[in-house]
Amino acid sequence: SVLDLHTRQGNSNKISGEAAFSLISFKASLEGPIVKEKGSFMVSYRRTFIDIWLKEISRWLNNELDRSGESNYFFSDIYAKANYQLTSKHKAEISFFRSRDKFTNLVEKDNDGILLDLKENNINWGNDLMSLKFTSEWGKNLFGKLLLYQSLYDQNSFKYSAYNNINTTTPLDYINAYLFTSKVQERAGKYEFDWLPSKKQYVKMGISYTSRVFSPKVLEATEKDLPANIEMVTSIDLDTLGVNAKIKSHELNVYIEDDIKITDGFRANIGVNYANFMDSLFSYNAIQPRLGLLFGSDKTALKFGFGKTIQYLHLISSSGLGLYNDVWLPSQKKMSPQSAWIGDASFTFKTNSGYKFGIEFYYKWMHDLSNFPEGKTTKIEDGVDWVSEIVSGKGKAYGAEVFLEKNIGKLIGSVSYTYSKSRREFELLNNGHEYPFTYNRDHSIKTNLVFKISQFSEFTASWNWLSGTFYSKPLSYTTLGPSGPIVIFTEKNNTRFDPYQRLDLGFVIYNSFRWGSSKLFLGAYNVINNKNYFYADIERDNTDLNKFTLQYFRLLPLIPSISFSIAW
């Protein structure tokens with residue numbers, strides 16, 4: 001999927017801003033004129049506070065399960081933007097964005113003072129983006145936009161398991177550690193025209209060039225690969241064992257799209273994209289056509305769409321138990337770009353009383369999907385032929401969504417139901433049999449309601465129910481073998497977690513003042529206290545230290561929420 005996001009411009013007439021504080025986060029923004037009515041700026045910042053007290057909650061939850069450990073999560077981002085009207089027909093804009101996320105989960109289990117088991121999962125990822133944009137009016141019906149940008153995506157995933165015999169002098173009897181590093185540096189330029197040849201036609205066309213540098217690394221290590229007598233393994237220890245691979249690629253796109261009003265009740269959108277992808281060893285050319293048809297009026301709309309997409313980036317995930325670890329890889333000579341055909345149809349209907357009803361169907365055929373081979377994680381580093389180990393397959397996804405919205409009156413809101421299937425098939429995985437995609441949720445119900453009690457207060461409710469995601473449940477997990485616990489899987493993604501369910505409630509009070517406004521929110525997250533599943537892993541059985549059982553890790557319980565925000 002491709003999202004085209006547009007951020008709003010800062011206030012070019014006066015300084016204004018807002019700030020919000022809650023038990024779990026803080027956010028603030030400030031905007032104002034650089035030169036009144038000619039240029040403006042905007043800066044925003046967000047940060048979680050959940051990391052301050054999440055440790056204590058997770059420690060308590062682990063104690064309830066006869067183990068020790070803690071989980072934590074941190075998030076922050078900053079965004080800055082400035083724009084200036086150079087002339088009446090030319091405008092410049094510069095922006096900067098940076099985000100950082102960090103998740104950690106550490107579990108320690110002391111088995112009657114005989115055996116000590118340690119498990120750690122860390123995922124850190126971040127994005128940096130700088131862009132420069134120039135917009136121009138070349139004529140009454142012709143507009144242009146130049147976009148230059150540079151971005152860096154950096155992800156580091158670390159998974160560590162250790163089983164120690166406390167009664168011996170060996171610090172670590174067995175270690176199994178994985179490191180997934182994925183860095184993608186991107187520089188790109190794009191020039192796009194918007195042309196309105198008539199009142200019934202809107203043409204968009206452009207050309208773009210993107211240069212990428214991928215620096216992936218995937219390593220697996222045991223106690224034999226690490227220094228003797230090491231007491232604790234970190235991602236830094238594993239990082240020293242190999243050098244990141246370095247792959248450069250270039251992508252050129254030329255595209256045109258024509259939105260045509262054929263009659264008052266019939267529009268057509270016709271587009272085509274030519275793409276060329278190349279690295280030092282191969283070049284790939286692709287044509288991506290797209291067709292959209294719209295029949296409708298002010299109250300009804302019937303849409304049909306069909307098109308082809310090509311993706312030159314592959315997101316490959318680890319399999320098995322524990323947290324999924326991902327790595328981004330470019331297409332290679334032996335790893336073709338992913339392609340997909342997708343068709344969709346939808347119908348929407350609006351009433352005078354503020355209701356909107358809609359239904360949509362879709363079907364997607366996917367080819368040249370990539371994955372790690374069965375039962376192992378491919379080693380990826382400089383000087384290693386990892387491409388030949390990646391397996392290729394196909395997939396399909398289909399489903400339907402029905403929704404109802406109400407936008408008028410004291411009670412407004414929406415309810416939707418989605419049925420979806422997503423399947424994968426690889427000749428060298430799962431004995432060649434089709435299996436469900438990990439994140440496939442067959443059924444999804446989402447409800448959002450707002451009841452306006454008065455001009456200054458309202459009640460909010462949000463309820464989500466989703467089918468559980470799939471995972472591979474072992475047939476058996478026995479005592480430690482030469483390389484750790486022996487785990488046998490019969491099928492890939494052969495079972496699923498229990499359904500995800502969450503109800504959030506809130507009460508909001510608004511106030512207006514001469515200097516601005518305020519908003520007070522009182523509510524609760526996960527009112528029904530449903531501890532939704534996050535992932536599963538194995539741990540030693542409490543009753544028999546020679547056996548292992550499946551242990552589930554869950555998301556947050558009921559959490560009260562209070563926040564206060566001001567705007568001026």
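Numbering of the sequence shown is given in our numbering, commencing with residue 1 and proceeding in unit increments. We treat Cβ as the ideally placed atom computed from N, Cα and C, and that holds for glycine. What you are looking at is a predicted structure, and each value in this text was computed from that prediction instead of being measured.
Counting C-beta pairs closer than 8 Å gives three or more between the region 143-153 and the region 179-186, which meets the contact rule.
Among the bridge pairs identified by DSSP, F489 is matched with none. Note that the C-beta distance between A397 and I359 is not below 9 Å. In chain order, K406 place their CB closer than 6 Å to the CB of Y355, counting only its own chain and leaving out the 5 sequence neighbours on each side. Taking a C-beta distance under 9 Å as the contact criterion, A345 and Y362 qualify as a contact pair.
Secondary structure at V387: helix, using DSSP grouped into helix, strand and coil. Within 10 angstroms of the beta-carbon of G139 lie fewer than 16 other beta-carbons, which makes it exposed.
DSSP places R59 in the uninterrupted alpha helix (DSSP H) bounded by I50 to E64.
A distance below 7 Å between beta-carbons, with the five flanking residues on each side excluded, links Y535 to the following residues of its chain, in chain order: G322, L323 and F553. Here DSSP, grouped into helix, strand and coil, assigns E405 to strand.
By the neighbour-count criterion, in which 16 or more other beta carbons inside 10 Å mark a residue as buried, Y312 falls on the buried side. Scanning its chain for C-beta atoms nearer than 6 Å, with the 5 sequence neighbours on each side dropped, one finds around Y79 the residues S44 and F97, in chain order. In the DSSP assignment, D194 falls within the unbroken beta strand (DSSP E) covering Y174 to S198. Short of 7 Å from the beta carbon of G242, and not among the five residues preceding or following it, lie these beta carbons of its own chain, in chain order: K217, L219 and E381. Closest option to E70, judged by alpha-carbon separation, among F277, E108, K224 and F158: E108.
The beta carbon of S336 sits closer than 6 Å to the beta carbons of D368 from its chain, once the five residues preceding and following it are set aside; these are given in chain order. Pairing V387 with K303 gives a Cβ-Cβ distance that is not under 9 Å. Of the residues L30, S12 and N13, the one whose Cα lies closest to the Cα of A20 is L30. Rounded to whole angstroms, L86 and T263 show a C-alpha spacing of 39 Å. If you compare the alpha carbons of L196, D225, P373 and D239 with that of F158, the shortest gap goes to D239. Excluding the 5 residues flanking it on each side, M42 has same chain C-beta neighbours closer than 6 Å at G10, E31 and K81, in chain order. For the pair Q501 and F74, the Cα-to-Cα distance works out to about 24 Å.
In this structure, A188 places its C-beta atom within 9 Å of the C-beta atom of S211.
For A162, the closest C-alpha among the options L226, T7 and P289 is that of L226. Counting every other CB atom within 10 Å of its CB across the protein chains shown gives Y435 a total of 16 or more, marking it as buried.
For P557, the CB contacts under 7 Å within the same chain, skipping 5 residues up- and downstream, are N526, N529 and K531 in chain order.
Around the C-beta of P560, fewer than 16 other C-beta atoms lie within 10 Å, and the residue is accordingly described as exposed. Judged by DSSP secondary structure, L238 falls within the alpha helix (DSSP H) whose first and last residues are S235 to D239. Going by beta carbons, G144 and S131 fall outside the 9 Å limit.
Counting only residues of its own chain and dropping the five nearest sequence neighbours on each side, L522 has a CB closer than 6 Å to the CB of F507 and I562. Contact annotation: M278 and S249 have beta-carbon atoms nearer than 9 Å. When the beta-carbon positions are compared, P330 and I390 stay at least 9 Å from each other. In this structure D385 is exposed. Its beta-carbon is surrounded by fewer than 16 other beta-carbon atoms within 10 angstroms. No Cβ-Cβ contact shorter than 9 Å links K376 with G343. E257 and A286 have their alpha carbons spaced roughly 17 Å apart.
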